[in-house]
Amino acid sequence: MSENNPHLTLPGPKSQELLARRQQAVPRGVGSTMNVFAAKADGAIIEDVDGNRFLDFAGGIGVMNVGHARPEVTHAIIEQTERFTHTCFSVMMYEPYIELAERIAKITPGDFHKKAIFFNSGAEAVENAVKIARYATGRPAIIVFDNAYHGRTLMTMTMTAKVKPYKHRFGPFAPEVYRAPFPYAYRMNMTPEDASRACIQELERMFVGEVAPDQVAAIVIEPLQGEGGFIPAPLGFLRDLKALCEKHGILFIADEIQTGFCRTGTMFAVEQDGVVPDMITIAKSMGAGMPISGVVGRADIMDAPPPGTLGGTYSGNPVACAASLAVLDLYEKEDLAVRSRAIGEKLMLCFAHLQQRHQCIGDVRGLGGMIALELVKDRTTKEPDGHTASAVLAAAHKRGMILIKAGMYDNVIRVLVPLCITDEQLEEAIAIFDAAFAEVAGAVATPA
Ligand SMILES: Cc1ncc(COP(=O)(O)O)c(C=O)c1O
Numbered sequence: 419m420s421e422n423n424p425h426l427t428l429p430g431p432k433s434q435e436l437l438a439r440r441q442q443a444v445p446r447g448v449g450s451t452m453n454v455f456a457a458k459a460d461g462a463i464i465e466d467v468d469g470n471r472f473l474d475f476a477g478g479i480g481v482m483n484v485g486h487a488r489p490e491v492t493h494a495i496i497e498q499t500e501r502f503t504h505t506c507f508s509v510m511m512y513e514p515y516i517e518l519a520e521r522i523a524k525i526t527p528g529d530f531h532k533k534a535i536f537f538n539s540g541a542e543a544v545e546n547a548v549k550i551a552r553y554a555t556g557r558p559a560i561i562v563f564d565n566a567y568h569g570r571t572l573m574t575m576t577m578t579a580k581v582k583p584y585k586h587r588f589g590p591f592a593p594e595v596y597r598a599p600f601p602y603a604y605r606m607n608m609t610p611e612d613a614s615r616a617c618i619q620e621l622e623r624m625f626v627g628e629v630a631p632d633q634v635a636a637i638v639i640e641p642l643q644g645e646g647g648f649i650p651a652p653l654g655f656l657r658d659l660k661a662l663c664e665k666h667g668i669l670f671i672a673d674e675i676q677t678g679f680c681r682t683g684t685m686f687a688v689e690q691d692g693v694v695p696d697m698i699t700i701a702k703s704m705g706a707g708m709p710i711s712g713v714v715g716r717a718d719i720m721d722a723p724p725p726g727t728l729g730g731t732y733s734g735n736p737v738a739c740a741a742s743l744a745v746l747d748l749y750e751k752e753d754l755a756v757r758s759r760a761i762g763e764k765l766m767l768c769f770a771h772l773q774q775r776h777q778c779i780g781d782v783r784g785l786g787g788m789i790a791l792e793l794v795k796d797r798t799t800k801e802p803d804g805h806t807a808s809a810v811l812a813a814a815h816k817r818g819m820i821l822i823k824a825g826m827y828d829n830v831i832r833v834l835v836p837l838c839i840t841d842e843q844l845e846e847a848i849a850i851f852d853a854a855f856a857e858v859a860g861a862v863a864t865p866a
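The number in our numbering is simply the position in the sequence shown, starting from 1, with 418 added.
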């Protein structure tokens with residue numbers, strides 16, 4: 419896996435067999451970054467069916483913040499499974515759901531009365547946050563942002579910005595979704611402060627030219643855009659946005675599905691800007707792989723839709739709730755927010771050195787352990803370089819590191835490593851980043 423080991427030949431024979439079966443049985447629309455199949459996992463390592471070991475820098479797209487196969491989580495799952503696996507909360511209730519709602523209300527920002535409701539996927543959480551916001555305000559419109567990603571269902575696909583592969587030929591889309599600019603300072607060629615100011619001004623213009631603010635139920639925003647390219651909202655932007663929401667009676671919904679649960683160095687990313695949302699959508703790393711998501715928010719808003727209007731057959735499944743409770747214990751016991759910051763600092767240092775050596779690295783950015791490299795063909799024109807990003811990924815894969823991309827132009831290499839990664843594994847990862855860039859990017863940059 420490290421530079422001392424020979425490069426892996428991927429896919430191995432067992433993965434090749436499975437690939438052939440997959441091609442026959444599974445539609446091609448489900449993409450897969452790696453062309454190998456998992457056999458088992460532990461902490462920050464996944465082993466494939468041919469015995470190849472990989473450092474997992476994707477965490478199943480930000481799901482495994484506590485790490486793979488944590489015994490505490492496994493025990494909670496087994497214990498609940500032995501008792502019962504399903505009743506449907508809408509038919510007969512169970513305590514793990516209640517306990518999880520209480521715990522989630524406690525760890526989210528805001529010292530007011532909060533309530534939480536659970537679903538299966540991130541997209542379902544966003545869908546329901548929109549439903550609740552519309553019911554609570556009696557208004558139809560939703561404002562989202564450039565580069566946003568909120569899911570693949572009809573409403574969330576509409577809210578998502580990127581056309582290919584998420585929206586192309588999947589329309590028509592849901593009505594009453596308006597898109598505002600996001601302060602992507604690097605691509606706007608502005609300071610973060612100027613970018614923020616320009617975006618707030620544009621939003622105010624939208625209220626005159628596109629949608630009246632008294633028709634807007636909610637603004638939905640990722641505090642650090644994930645799929646869109648790991649773009650953090652500049653400090654102060656969320657606060658200004660919240661002030662604008664309060665002025666017009668618009669609900670502020672933070673989509674913390676990728677940023678939540680210690681990923682950015684705090685339990686939730688909005689905490690870093692001192693913002694208290696009306697509602698937060700959560701998923702991914704709340705369940706360590708069990709399909710669970712939720713919406714948590716002000717009790718008066720959450721209680722607006724009457725009984726029977728929200729829910730779903732599997733929503734807040736008891737096994738997933740039990741897993742999530744064990745996961746929450748781990749965040750507290752192991753202080754994973756602090757660990758996230760330490761991982762981020764160490765990798766940022768490595769990335770800064772890489773940026774000095776390789777012209778193709780245009781920007782290095784992020785919060786805590788949610789960091790990324792944006793690759794460009796030219797640092798002045800900032801023409802995106804998705805091709806080199808793909809080549810770096812392939813070079814990392816064959817050295818035993820799972821790595822994935824993001825970004826509107828597929829040119830951002832992102833880090834979503836389990837926060838339980840050891841220091842030794844982190845050093846291995848840094849050596850792999852060095853070697854992968856040396857192999858692919860080659861060119862030596864003259865320091866700016
Ligand atoms: C910010 C954000 N919102 C929503 C979603 C959708 O979550 P899911 O894939 O669980 O539906 C994602 C998934 O990547 C996300 O990053």
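Glycine included, C-beta positions come from ideal geometry on N, C-alpha and C.
Secondary structure note for Thr806: its alpha helix (DSSP H) is the uninterrupted segment 804–816. Here Ala547 is not near Val694, since their CB atoms are 8 Å or more apart. Between Leu772 and the set Leu754, Glu645, Phe851, Lys582, the nearest pair of CA atoms involves Phe851. Per DSSP, Glu497 is one residue of the alpha helix (DSSP H) stretching across 489–501. Linking Val794 to Leu656 through their CA atoms gives a straight-line distance of about 28 Å.
Under the three-state reduction of DSSP output, Lys532 falls in the strand class.
Contact between Leu743 and Pro583 is absent: CB atoms are separated by about 36 Å, not below the 8 Å threshold.
The alpha carbon of Thr682 has as its nearest neighbour, out of Phe530, Asn453, Gly528, Gly787, the alpha carbon of Gly787. Beta-bridge partners of Val638 (DSSP): Ile671. Here DSSP, grouped into helix, strand and coil, assigns Val548 to helix. Burial check for Ala854: the Cβ neighbour count within 10 Å reaches 16 or more, so the residue is buried. In this structure, the beta-carbon distance from Pro601 to Ser614 falls below 8 Å. A residue is listed when its beta-carbon falls short of 6 Å from at least one non-hydrogen atom of ligand 1; in chain order these are Ile479, Ser539, Gly540, Ala541, Val544, Tyr567, His568, Gly569, Glu640, Gly644, Glu645, Asp673, Ile675, Gln676, Ala701. Contact annotation, Tyr596 with Ala559: C-beta distance approximately 6 Å; criterion of less than 8 Å satisfied.
Per the Cβ contact rule, the region 660–680 is in contact with the region 744–758 (3 or more Cβ pairs under 8 Å). Residue burial is scored here from C-beta neighbours: Gly627 has fewer than 16 other C-beta atoms within 10 angstroms and is therefore classed as exposed. For Arg832, there is no enclosing alpha helix (DSSP H); the enclosing beta strand (DSSP E) covers residues 830–832. Fewer than three Cβ pairs drawn from the region 493–506 and the region 659–675 lie within less than 8 Å of each other, which leaves the two stretches out of contact. Under the criterion of beta carbons closer than 8 Å, Arg797 and Gln777 qualify as touching, at roughly 6 Å. Taking the C-beta atoms as reference points, Val491 is found no nearer than 8 Å to Leu754. Taken through DSSP and simplified to helix, strand or coil, Leu656 comes out as helix.
For Thr699, the enclosing beta strand (DSSP E) has its first and last residue at 697–700.
Put simply, the backbone Cα of Asn565 is about 16 Å away from that of Met573. Around the beta carbon of Val509, fewer than 16 other beta carbons sit within 10 angstroms, so the residue counts as exposed.
As the crow flies, the alpha-carbon of Gly715 is around 40 Å from that of Glu801.
Cβ contact annotation for Tyr604 (same chain, cutoff 6 Å, sequence separation greater than five): Asp781, in chain order. Here Pro431 has Asp468 as same chain residues with Cβ atoms under 8 Å from its own Cβ, once five neighbours each way along the sequence are excluded. When Gly447, Ala541, Asp691 are compared, the shortest CA-CA separation from Pro527 is found for Asp691. Within its own chain, the residues whose Cβ lies closer than 8 Å to the Cβ of Ala579, once the five positions on either side in sequence are excluded, are Val562, Phe563, Asp564, Asn565, Ala566, Tyr567, Arg597, Gly646, Met826, listed in chain order.
Remark: C-beta atoms of Ala770 and Ala741 do not approach each other more closely than 8 Å.
The Cβ atoms of Phe475 and Ile463 do not sit closer than 8 Å to each other. Per DSSP, the continuous beta strand (DSSP E) segment holding Lys823 begins and ends at 822–824. The beta-carbon separation of Asn538 and Ser733, rounded to 6 Å, stays under the 8 Å limit for a contact.
Excluding sequence positions up to five before and after Leu811, its CB lies within less than 6 Å of the CB of Leu821, all in the same chain and listed in chain order. The alpha-carbon of Gln619 is positioned some 17 Å away from that of Ile639.
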